[in-house]
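One structure below.
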Amino acid sequence: MTTILDAGVAIYVAMSTALIVWVGVFFYLLRIDHATQDVARQLNERTSSTDAPAPRATITNDRSAE
Amino acid sequence: MALRKGDGLKIFLGLWIAAVIYTMFLVVPQYVGLGDAGRIIIVHVPVAWITSAAFCLSAIYSIIYLWKRNPASDVAAVAAAEVGTLYCIFATITGSIFAEVVWGTFWNWDPRETSILVLLLIYAAYFALRSSVDDSERRRRLAAVYNIFAAVTMPFLLFVAPRVADSTLHPNCAFLQGSKCDGISLSLTGAKIGQLGDVVIEFKSLVKTGTLTHATIEVRMPGMKNIATLVPSLDGDGKPADRPEFPGQQFRMVLLEADATAGTIRVNMQAPGTNLLSNPRTLWVFLASNLGFLALAFWLYKIRRTILQVQLTLTPGEINI
Numbered sequence: 035m036t037t038i039l040d041a042g043v044a045i046y047v048a049m050s051t052a053l054i055v056w057v058g059v060f061f062y063l064l065r066i067d068h069a070t071q072d073v074a075r076q077l078n079e080r081t082s083s084t085d086a087p088a089p090r091a092t093i094t095n096d097r098s099a100e
Numbered sequence: 380m381a382l383r384k385g386d387g388l389k390i391f392l393g394l395w396i397a398a399v400i401y402t403m404f405l406v407v408p409q410y411v412g413l414g415d416a417g418r419i420i421i422v423h424v425p426v427a428w429i430t431s432a433a434f435c436l437s438a439i440y441s442i443i444y445l446w447k448r449n450p451a452s453d454v455a456a457v458a459a460a461e462v463g464t465l466y467c468i469f470a471t472i473t474g475s476i477f478a479e480v481v482w483g484t485f486w487n488w489d490p491r492e493t494s495i496l497v498l499l500l501i502y503a504a505y506f507a508l509r510s511s512v513d514d515s516e517r518r519r520r521l522a523a524v525y526n527i528f529a530a531v532t533m534p535f536l537l538f539v540a541p542r543v544a545d546s547t548l549h550p551n552c553a554f555l556q557g558s559k560c561d562g563i564s565l566s567l568t569g570a571k572i573g574q575l576g577d578v579v580i581e582f583k584s585l586v587k588t589g590t591l592t593h594a595t596i597e598v599r600m601p602g603m604k605n606i607a608t609l610v611p612s613l614d615g616d617g618k619p620a621d622r623p624e625f626p627g628q629q630f631r632m633v634l635l636e637a638d639a640t641a642g643t644i645r646v647n648m649q650a651p652g653t654n655l656l657s658n659p660r661t662l663w664v665f666l667a668s669n670l671g672f673l674a675l676a677f678w679l680y681k682i683r684r685t686i687l688q689v690q691l692t693l694t695p696g697e698i699n700i
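Line order of the protein sequences matches chains A and B. Final position of the first sequence in the numbering used here is 100; the numbers increase by one with none missing. Final position of the second sequence in the numbering used here is 700; the numbers increase by one with none missing.
See below:
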């Protein structure tokens, strides 16, 4: 009976396992990469919007204009 | 998961490493004496040298931090150190699997194994140091100084110590072209006992039969598990003839020089797979693996740096990174 540990089959099993692990790791990394890019972009947008100059007004006690 | 602009290179990297895995198993020829297990070298060696590159990058950013005092440099130093540590763990695991196949044990405190463990502990201490100091400015400053010292020890631990140690089983001589391992000299009238790897050997006799010169050598395996008598020989042209195998291992003993009149010999341990990179297929896959794992390290570094940078922006000084 052929098992996955037979000499002729084992190397394909090992390669398939390594490939499956790599595919899993790759898509996980791609997902994290997208997520971090999103967070970084949103943070930059928020920071740049809070950096906008606040409206200014001058208050004086001068009543001569009234 | 929707793909985005800029994902092309990453998908190319994914396919590249998948191709390296495929060729590593099905295209690269078997190594003499190691069979399929020797294929792990295609991953182990690139991962090991990229470890050192990542630690160097980390130290450079630490120097920049101490110079400019910009927290972004500290973040980059941490990210590079983390990638280096991850690769170092991977190199240790793959090396350990190789050791099991070739030496018959996952871990035997060989100088190479010990030095990489010390390196891992040094960087574990770096992360421990970072998490133990609350004041962010002080934490960054201390960690940067420590990181520079850690990086100074790294070349000694990864490259120098295992090469100067006479007793390493790590196949530097076999796998790195241009490396030179001289073996050890023994004499019937002087030093009869020596050590090759972690094997104690004792020179018993030297006999010349026709054109062949036979040396009789008793070998004692680590822990006295096996004691055997090996008889390597040298032919008339001064080239090694019989190369007996060490008991329970796939290493062979090779007689490099013999002087019957003086009663002296020079013997060495020969790893299977010698000159494996002279095979073009192996060489190209090995180079492709180097490029692939280097690009992967850079990608990991970029992701981790972004995450740490976001943390730093959200809560400056409050997170122990």
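Ideal Cβ placement from N, Cα and C applies to all residues, glycine included. Since the model is a prediction, treat every value here as computed from it, not as a measurement.
So if DSSP puts residue i in a beta bridge, which residue, or which two residues, is it bridged to?
{"i": "residue 565 of chain B", "result": "B:644"}
{"i": "residue 637 of chain B", "result": "B:644"}
{"i": "residue 574 of chain B", "result": "B:579"}
{"i": "residue 71 of chain A", "result": "Residue 71 of chain A is not bridged to any residue."}
Do you know how far the Cα of residue j is from the Cα of residue i?
{"i": "residue 60 of chain A", "j": "residue 606 of chain B", "result": "48 Å"}
{"i": "residue 671 of chain B", "j": "residue 507 of chain B", "result": "31 Å"}
{"i": "residue 648 of chain B", "j": "residue 579 of chain B", "result": "12 Å"}
{"i": "residue 689 of chain B", "j": "residue 83 of chain A", "result": "17 Å"}
{"i": "residue 449 of chain B", "j": "residue 465 of chain B", "result": "25 Å"}
{"i": "residue 521 of chain B", "j": "residue 683 of chain B", "result": "21 Å"}
{"i": "residue 617 of chain B", "j": "residue 582 of chain B", "result": "19 Å"}
{"i": "residue 429 of chain B", "j": "residue 600 of chain B", "result": "34 Å"}
{"i": "residue 524 of chain B", "j": "residue 72 of chain A", "result": "33 Å"}
{"i": "residue 557 of chain B", "j": "residue 658 of chain B", "result": "Caution is warranted here: a pLDDT of 40 is assigned to residue 557 of chain B, below 50, making its placement in the model unreliable, and the coordinate value is therefore given only provisionally. Their backbone Cα atoms lie some 16 Å apart in a straight line."}
{"i": "residue 392 of chain B", "j": "residue 403 of chain B", "result": "16 Å"}
{"i": "residue 530 of chain B", "j": "residue 455 of chain B", "result": "15 Å"}
{"i": "residue 517 of chain B", "j": "residue 692 of chain B", "result": "18 Å"}
{"i": "residue 540 of chain B", "j": "residue 494 of chain B", "result": "7 Å"}
{"i": "residue 484 of chain B", "j": "residue 476 of chain B", "result": "9 Å"}
{"i": "residue 536 of chain B", "j": "residue 673 of chain B", "result": "21 Å"}
{"i": "residue 645 of chain B", "j": "residue 590 of chain B", "result": "18 Å"}
{"i": "residue 512 of chain B", "j": "residue 622 of chain B", "result": "57 Å"}
{"i": "residue 395 of chain B", "j": "residue 533 of chain B", "result": "29 Å"}
Mark residue i as exposed unless 16 or more other C-beta atoms lie within 10 angstroms of its C-beta, in which case mark it buried.
{"i": "residue 78 of chain A", "result": "exposed"}
{"i": "residue 586 of chain B", "result": "exposed"}
{"i": "residue 528 of chain B", "result": "exposed"}
{"i": "residue 62 of chain A", "result": "exposed"}
{"i": "residue 44 of chain A", "result": "exposed"}
{"i": "residue 490 of chain B", "result": "buried"}
{"i": "residue 584 of chain B", "result": "exposed"}
{"i": "residue 37 of chain A", "result": "exposed"}
{"i": "residue 409 of chain B", "result": "exposed"}
{"i": "residue 687 of chain B", "result": "buried"}
Does the beta carbon of residue i come closer than 7 Å to any beta carbon on chain C?
{"i": "residue 537 of chain B", "result": "In summary, chain C is missing from the structure at hand, where the protein chains are A and B."}
**Item:** Validate contact between the stretch 422-439 of chain B and the stretch 458-468 of chain B using beta carbons, cut 8 Å, 3 pairs
**Value:** yes
**Item:** At least three beta-carbon pairs within less than 8 Å, the stretch 660-673 of chain B to the stretch 46-57 of chain A
**Value:** no
**Message:** Three Cβ pairs or more, each shorter than 8 Å: is that satisfied between the stretch 622-637 of chain B and the stretch 382-395 of chain B?
**Reply:** no
**Request:** Compile a chain-ordered list of the residues in the stretch 57-86 of chain A whose CB is closer than 8 Å to at least one CB of chain B.
**Result:** 57, 60, 61, 63, 64, 65, 66, 67, 68, 70, 71, 73, 74, 77 and 81
**Asked** Given a limit of 8 Å on CB to CB distance, which residues of the stretch 415-436 of chain B reach chain A?
**Response** 415
**Prompt:** If you measure beta-carbon to beta-carbon, which residues of the stretch 442-470 of chain B are closer than 9 Å to chain A?
**Reply:** none
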